[in-house]
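This report concerns only the one structure given below.
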Amino acid sequence: MVIMMILYIILGVIGFIILFLIILSLPRKENERIHNIEAIDNPDVVKGFETMAKTPAFAWIHKKIVSKLTEFLPEGIIVDLGCGSGNLIVRLAKKFPNSEIIGVDNSSEMLKTAKERAEKKIKSRKIKFKKGSANKLPFNDNSIDFVVSSLSLHHWINPTEALQEIYRVLKKHGYLIIFDFRRNSRKFFYGLLKFATTIVVPKALKDINEPLGSLLSSYTENEMREIFNHTSFDKIDIEALMAWVFIIAKKNKDI
Ligand SMILES: C[S@@+](CC[C@H](N)C(=O)[O-])C[C@H]1O[C@@H](n2cnc3c(N)ncnc32)[C@H](O)[C@@H]1O
Numbered sequence: 161m162v163i164m165m166i167l168y169i170i171l172g173v174i175g176f177i178i179l180f181l182i183i184l185s186l187p188r189k190e191n192e193r194i195h196n197i198e199a200i201d202n203p204d205v206v207k208g209f210e211t212m213a214k215t216p217a218f219a220w221i222h223k224k225i226v227s228k229l230t231e232f233l234p235e236g237i238i239v240d241l242g243c244g245s246g247n248l249i250v251r252l253a254k255k256f257p258n259s260e261i262i263g264v265d266n267s268s269e270m271l272k273t274a275k276e277r278a279e280k281k282i283k284s285r286k287i288k289f290k291k292g293s294a295n296k297l298p299f300n301d302n303s304i305d306f307v308v309s310s311l312s313l314h315h316w317i318n319p320t321e322a323l324q325e326i327y328r329v330l331k332k333h334g335y336l337i338i339f340d341f342r343r344n345s346r347k348f349f350y351g352l353l354k355f356a357t358t359i360v361v362p363k364a365l366k367d368i369n370e371p372l373g374s375l376l377s378s379y380t381e382n383e384m385r386e387i388f389n390h391t392s393f394d395k396i397d398i399e400a401l402m403a404w405v406f407i408i409a410k411k412n413k414d415i
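So for the sequence shown, this note's numbering puts the first residue at 161; every next one is plus one.
Written out as structure tokens, the structure is:
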């Protein structure tokens, strides 16, 4: 009798956990997009971001991006657009020692942190950094082989213009690889980011509603498709996963 009761309780708990996980993995009702800040220039926010960027979650994201880029056997010049504090760029420099790696960001404070990180972690060569906005890139037409961008698109004020600008600087047959949140993430991820924003992250980030604010200012896959439809990219692949997307776009013609 006691054994049966214990069994019922265990089955009840398992059932409850399964139900809970099913509910969390359901698609979420779509919120309106709420744009958050563009350049992350406040030193306290940069410090807070640094704390988050050192977590396994970020390491996992950056590893995924490097592995996606590896599929394209990159050579030549790789630009990390919105390079932030330089975690991804250091990985890129280690993985692709024969490529020229350039970090671009419109925040001087982020670039300062990124330069320090690169100097400390990559001794064998110098990584270049340039201050610049996605909407006005500091490069000539048809001069870059790969543009990679991680968790930055949702900050850009005019994404169509920025993508067209990326198109301008890419060489013919060059690739753009974007990783970003998608606003219509699964419920589970929304809950996780809400929890992080309210409880876990440093105060400077809580004050600007991050990282939840980034999710809410990101685009759904359909919105991203629509944005790309207004650019010259004609080969676009959007892979939507739990809470994020990989976008691969190729430039097929010279401008
Ligand atoms: C959330 S951080 C991501 C940093 C880094 N890519 C990573 O994955 O760790 C977003 C970065 O994009 C930069 N950013 C935002 N808008 C930008 C723009 N229009 N042009 C260039 N950089 C921008 C911010 O300053 C910030 O450093």
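Glycine included, every Cβ here is placed at the ideal spot set by N, Cα and C. Nothing here was measured: the structure is a model prediction, and the numbers come from that model.
Going straight from the alpha carbon of Asn-191 to that of Pro-362, what length do you get?
Their backbone Cα atoms lie some 25 Å apart in a straight line.
Against chain B, with Cβ distances strictly below 7 Å, would Tyr-168 count as a contact?
In the structure shown, chain B does not exist; there is a single protein chain.
Once DSSP output is grouped into helix, strand and coil, what is the label at Phe-289?
In this structure, Phe-289 counts as strand in the three-state DSSP scheme.
Can you tell me whether Arg-342 is helix, strand or coil according to DSSP?
Strand at Arg-342.
Any heavy atom of ligand 1 inside 6 Å of the beta-carbon of Ser-293?
Because some heavy atom of ligand 1 lies under 6 Å away, the Cβ of Ser-293 counts as near it: yes.
Quick check: Arg-342 and Glu-381, are their CB atoms within less than 7 Å of each other?
Yes, these two residues count as a Cβ contact at 7 Å.
Let me check understanding here. Comparing Cα to Cα, which of Ile-197, Trp-220, Glu-260, Lys-347 lies closest to Pro-187?
Comparing C-alpha distances from Pro-187 to each of Ile-197, Trp-220, Glu-260, Lys-347 shows the shortest one belongs to Lys-347.
So for Gly-208, helix, strand or coil by DSSP?
If DSSP states are grouped into helix, strand and coil, Gly-208 belongs with the helices.
Which residues in the same chain as Ser-309 place their Cβ atom closer than 6 Å to its Cβ, once the five residues preceding and following it in sequence are excluded?
So the list reads Leu-241, Gly-242, Ile-338, once near-sequence residues are dropped.
Write down every uninterrupted run of the alpha helix (DSSP H) in the region 194 to 276 whose length is 4 residues or greater and which is fully enclosed by it, in chain order.
Whole alpha helix (DSSP H) segments, 4+ residues: 203 to 213, 216 to 230, 247 to 255.
Short Cβ contact (7 Å threshold) for Ile-249 with Gly-263
Judged by their CB atoms, Ile-249 and Gly-263 are nearer to each other than the 7 Å cut-off.
What I want to know is whether the C-beta of Asp-301 ends up closer than 6 Å to one or more non-hydrogen atoms of ligand 1.
The answer is no for Asp-301.
Nearest-angstrom Cβ-Cβ length linking Phe-289 and Leu-271, presumed shorter than 8 Å:
Sure, about 5 Å apart at Cβ, within 8 Å.
How is Ala-356 classed by DSSP in three states: helix, strand or coil?
Ala-356 carries a helical assignment under DSSP once its states are collapsed to helix, strand and coil.
When every heavy atom of ligand 1 is checked, does at least one fall within less than 6 Å of the C-beta of Ser-345?
A distance criterion of 6 Å places the beta-carbon of Ser-345 beyond contact range of ligand 1, judged by its closest non-hydrogen atom.
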